[in-house]
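A.B. asks:
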Amino acid sequence: MWDKTKLKSVKNLYKEEVLQIPAIFKNKDDYVAFLMAQSYQESGWNEESVSKTGCKGFAQFELSTWKFVWKKLLKHEEIPSIWDIKAQIIAQHTYMKYLINAVSKKETMLPRQEILAYSLMAYNGGLGVVEWCLEYHGVVSVIALRDYRNSHKSTYPDENKIFEILNYPISIFNIWRSLREIAV
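Every position in the sequence shown, counted from 1, becomes a number in my numbering once 236 is added.
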């Protein structure tokens, strides 16, 4: 399944750009594998990828989230090109740390896997959506996501997006497990 040359190249990029890891991870290699799994799910490690919803690049950022990460979280005056792979890795890493911290603070007693799953759901569906579901339902589920949509008199998330949000962590966890089993 894995192109060893591409795998090694991507892993080296992550190891170069990821300097601090969230406390929830055992070590840097574990966190790097997690981020690699996520970007593989997002773009197949294609830095020129554009989704049908307009997300761009290696880690698939919406332009508004890209600006938020660089201006608010990283406090940069100038925003790098969304097509810069190193900037994508830095932004993905920074945004995931932000989401992990936000979910951890919202629900302090969650086990590690749930914190990671909800953080991934927030990356895919929006932190506000996940926080609302946790606050009003204690869980992110089909019912909670439908309730969010109805209570906000919105069309978001539609039925397809609901299942995409819920399945997103499962896909990434499977890729993550596969990456951890490979020595590169």
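Glycine included, each C-beta is placed from N, C-alpha and C at the ideal position. These numbers were taken from a predicted model, which means no experiment stands behind them.
Let me know if L381 comes out buried or exposed under the rule of 16 or more other beta-carbons within 10 Å of its beta-carbon.
C.D. replies: Buried, since its Cβ has 16 or more Cβ neighbours within 10 Å.
A.B. asks: If W319 and E283 are in contact, beta carbons under 8 Å, what's the gap, nearest whole angstrom?
C.D. replies: Between E283 and W319 the Cβ distance is about 7 Å, and since that is below 8 Å, they are a contact.
A.B. asks: Any idea what DSSP makes of V339, helix, strand or coil?
C.D. replies: Three-state result, V339: helix.
A.B. asks: Here's a check: name, in chain order, each residue in its chain whose Cβ is nearer than 6 Å to the Cβ of K292, leaving out the five neighbours to either side.
C.D. replies: For K292, where only same-chain residues beyond five positions count, the Cβ hits under 6 Å are V286 and I318.
A.B. asks: Can you check whether the CB of S355 is closer than 8 Å to the CB of I325?
C.D. replies: Their beta carbons are not under 8 Å apart, which means I325 does not touch S355 by this criterion.
A.B. asks: Among the residues of its own chain, which have a CB less than 6 Å from the CB of E343, if the five just before and after it don't count?
C.D. replies: These residues qualify, in order along the chain: L370.
A.B. asks: Quick one: measure Cβ to Cβ for F294 and I321, integer angstroms, because I've assumed they're closer than 8 Å.
C.D. replies: Between I321 and F294 the Cβ distance is about 5 Å, and since that is below 8 Å, they are a contact.
A.B. asks: Please confirm if the segment 388 to 405 is in contact with the segment 255 to 271, defined as three or more CB-CB distances below 8 Å between the two stretches.
C.D. replies: Judged by Cβ distances under 8 Å, the segment 388 to 405 makes no contact with the segment 255 to 271, as fewer than three pairs qualify.
A.B. asks: I351 to S340, Cα distance in whole Å?
C.D. replies: So the alpha carbons of these two residues sit roughly 6 Å apart.
A.B. asks: Look at the alpha carbon of W306 and the alpha carbon of T241, and state the distance between them as a whole number of angstroms.
C.D. replies: If I take the Cα positions, the gap works out to 30 Å.
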